[in-house]
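Trainee: Keeping their order, the protein sequence lines are chains C and H. Numbering of the first sequence is given in my numbering, commencing with residue 14 and proceeding in unit increments. Numbering of the second sequence is given in my numbering, commencing with residue 11 and proceeding in unit increments. Ideal Cβ positions, reconstructed from N, Cα and C, are used throughout, including at glycine. These numbers come from a predicted model, not from an experiment.
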Amino acid sequence: EAQVTQNPRYLITVTGKKLTVTCSQNMNHEYMSWYRQDPGLGLRQIYYSMNVEVTDKGDVPEGYKVSRKEKRNFPLILESPSPNQTSLYFCASSWWGESDTQYFGPGTRLTVL
Amino acid sequence: GENVEQHPSTLSVQEGDSAVIKCTYSDSASNYFPWYKQELGKRPQLIIDIRSNVGEKKDQRIAVTLNKTAKHFSLHITETQPEDSAVYFCAASSSGYSTLTFGKGTMLLVSP
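#1: Going by DSSP, what residue range makes up the beta strand (DSSP E) through Met63 (chain C)?
#2: Suppose you measure from the CA of Leu85 (chain H) to the CA of Ile57 (chain H); what does that come to, to the nearest Å?
#3: Under a three-way DSSP split, which group does Pro88 (chain C) fall into?
#4: Show which residues of chain C have a CB atom less than 7 Å away from the CB atom of Lys47 (chain H).
#5: Can you tell me whether Tyr98 (chain H) is buried or exposed? The criterion is at least 16 other CB atoms within 10 Å of its CB, across all chains shown.
#6: Could you work out which residues of chain C lie near Tyr42 (chain H), taking near to mean beta carbons separated by less than 7 Å?
#7: Return the CA-CA distance between Asn39 (chain C) and Pro119 (chain C), expressed in angstroms with no decimal places.
#8: Would you say Ser36 (chain H) faces chain B, with C-beta separation under 8 Å as the test?
#9: Does any C-beta atom of chain H lie closer than 8 Å to the C-beta of Gly53 (chain C)?
#10: In or out: Gln98 (chain C) buried (at least 16 other Cβ within 10 Å) or exposed?
#11: Reducing DSSP to helix, strand and coil, say where Asn20 (chain C) ends up.
#12: For the ligand MN, any of its heavy atoms closer than 7 Å to the Cβ of Val14 (chain H)?
#13: Return no unless some Cβ of chain H is closer than 8 Å to the Cβ of Tyr102 (chain C).
#14: List, in order along the chain, the chain C residues whose C-beta lies closer than 7 Å to that of Pro122 (chain H)?
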């Protein structure tokens, strides 16, 4: 089954404790991206990747890191999480870019205390 | 970068009525305009999209119109049904930036 998976689905952590949210797609998509969703603010793009080893900042990259060592995986890293990073995070992928249907993962709800 | 404004933030209609959601964008280079539907607790899913070389596109009860001169595009849902209740997001992208910018969303509530 074609899908985008994220883990964990729910995470409660404390300020400063490094964490990684994994994202994997099995559709051989070139483009992958991360969004955060906050009430009243919609979806905001954090980082995106056009291909392996090619990543770039979206609209809200501060406090986040990403890597794209393999085509299928695009982990989101919070090296020192803060309470303002409490949010719902979505990973998405598409065949060839931002102007193509985005397939979203199920979301990861992160709470930073 | 791109800025997308979406209105209204909430919309309540009776079943069978039409619903219209409007978005404006700022970057005249934007050329792709998708609409996503997000049901409660679910992930966003594409429902329709339009590119800048087309003025209107329809798919059964939903349609999207684009006015490049005014830099706005709209989602039209006819004969609304309770299962249309969801949050709808518009978005815009420009191949020059490789990013996708979303509006803040419209919560549509269709009452039986």
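Mentor: On the basis of the coordinates in this document:
#1: Gly55 to Asn64
#2: 10 Å
#3: coil
#4: Here the premise fails: no neighbours, minimum Cβ distance about 11 Å.
#5: buried
#6: Within chain C, the residues near Tyr42 (chain H) are Ser112.
#7: 14 Å
#8: Among the protein chains in the structure shown, which are C and H, there is no chain B.
#9: By this cut-off, Gly53 (chain C) is an interface position.
#10: buried
#11: Here DSSP, grouped into helix, strand and coil, assigns Asn20 (chain C) to strand.
#12: Although the ligand MN was asked about, the structure shown includes no ligands whatsoever.
#13: no
#14: The contacting residues do not exist; Pro122 (chain H) stays about 26 Å from chain C at best.
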